[in-house]
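Shown next, in structure tokens, is the structure this report addresses.
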Ligand SMILES: CC(C)(COP(=O)(O)OP(=O)(O)OC[C@H]1O[C@@H](n2cnc3c(N)ncnc32)[C@H](O)[C@@H]1OP(=O)(O)O)[C@@H](O)C(=O)NCCC(=O)NCCS
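In the working numbering, the protein residues as written are 1041 to 1159.
See below:
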């Protein structure tokens, strides 16, 4: 699994990624037999926290992120979803803003963004 390649500082080790994706509340998009992207959701206090969202480099800028975000929103079982995104991560910020996420806080150089899951 690619998590440490995409998130070198905080990436999950391979074994934990398998658990997160297959046992935890996660999902992945496959193109042919290759995983193109994945997300991981955690629910707490009635809110879904999207703790991972990534498209593998070779599959970016083809609409996979937008499609996968729609899947994650459908997957979430709470009314609100929240995520953290580094203020310098322009492509992710563009995607989330385009998909109606709004800044609802900030923490340690990241925006906290949220939206309802059902809009
Ligand atoms: C942020 C991220 C998830 C975006 O994924 P993506 O698959 O590239 O996103 P999309 O393809 O849906 O949209 C990205 C761009 O491709 C364009 N695009 C969408 N469909 C397209 C298509 N069929 N053909 C060409 N371009 C297309 C979009 O218009 C968008 O361009 P813009 O941002 O300049 O407006 C990805 O860059 C990533 O995984 N980054 C590293 C991990 C990360 O930062 N995750 C977020 C942590 S909070």
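Virtual Cβ for every residue (Gly too), placed ideally from N, Cα, C.
With a contact defined as Cβ atoms closer than 8 Å, residue 1090 and residue 1123 qualify at about 4 Å.
From the listed residues 1071, 1053, 1106 and 1081, the smallest Cα separation to residue 1133 is found for 1106.
DSSP places residue 1150 inside the beta strand (DSSP E), whose first and last residues are 1150 to 1156.
DSSP, read as helix, strand or coil, puts residue 1141 in coil. For residue 1107, the enclosing alpha helix (DSSP H) covers residues 1104 to 1115. Around the C-beta of residue 1151, 16 or more other C-beta atoms lie within 10 Å, and the residue is accordingly described as buried. In its chain, beyond the 5 residues on either side, 1132, 1133, 1136, 1150, 1151 and 1153 have a beta carbon closer than 8 Å to the beta carbon of residue 1125.
When the Cα atoms are used, residue 1058 and residue 1068 turn out to be separated by approximately 11 Å.
Membership of residue 1082 in the beta strand (DSSP E) is indicated by the continuous run 1074 to 1084.
Per the C-alpha coordinates, the member of 1110, 1104, 1095 and 1084 positioned closest to residue 1157 is 1110.
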